[in-house]
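Numbering (this note's numbering), first residue to last: 3 to 241.
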């Protein structure tokens, strides 16, 4: 990043523009993993920091250990906002029913997921004519991923459980990869398949503790902290 800052300044000089007071300093706005980069830069080159904004901050100390427990902080709060916004949007939210408040939307969502936990749904893919098993853990993965970009993702977050609630499972066929024959179906988990080699190398390389050592501060991931994103025995509510 230092080389980028220097190259930017050289570009300004080449174009004949007047240098500003931040010459030689980083002006940076980091999101998500970019906050880890920004914090690392500030730690290594404090004299080269001009203006630095870190938004959606990664816990740099925890990120360097074995686990990604810090990534789950406030996850449930984001999902709670979905229930709030769904009730406010009313008929513009697919999961809404007349008279719903946020608690009723949440109860419906919980019942849908509990039903899938107890009885995974099956359907025939309308394009490839192969059987598909729809499990709760797959839907939880989709929901969890959608929370990363809630403004764009909340409409889909409402549509997926609504199709399950109405048992219109074929509408979810686009969520499954194109599979011409059952024998060519991918066996890798969806999350793993979406990672590039560069992402894997970066995520592993950022771990500062040796493989055989123990984390400085144990950070267990408790299912009770993320009840909507863990797979455990559940049962539908009586209502």
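Beta carbons: idealized from backbone N, C-alpha and C, even for Gly.
Here the structure is a predicted model, which is why all the values come from computation and not from measurement.
Within this structure, are the beta carbons of residue i and residue j separated by less than 8 Å?
i	j	result
residue 26	residue 50	yes
residue 97	residue 136	no
residue 133	residue 172	no
residue 111	residue 157	no
residue 28	residue 3	yes
With DSSP as the reference, label residue i as helix, strand or coil.
i	result
residue 23	coil
residue 30	strand
residue 52	strand
residue 100	coil
residue 57	strand
residue 125	strand
residue 130	coil
residue 46	helix
Along the chain, where does the alpha helix (DSSP H) containing residue i start, and where does it finish?
i	result
residue 149	Run containing residue 149: none; DSSP gives neither H nor E here.
residue 104	104 to 120
What residue does the beta strand (DSSP E) around residue i start on, and which one ends it?
i	result
residue 136	133 to 136
Applying the criterion that 16 or more other CB atoms from any shown protein chain within 10 Å of the CB defines a buried residue, is residue i buried or exposed?
i	result
residue 108	buried
residue 206	exposed
residue 119	buried
residue 30	buried
residue 126	exposed
residue 150	exposed
residue 159	buried
Would the beta-carbon of residue i be found less than 7 Å away from any heavy atom of the ligand NAP?
i	result
residue 19	As for the ligand NAP, it is missing from this structure, which has no ligand bound.
Could you say if the segment 59 to 69 and the segment 83 to 95 meet the contact criterion of at least three C-beta pairs nearer than 8 Å? In short, these stretches do not touch, since the Cβ pair count stays below three.
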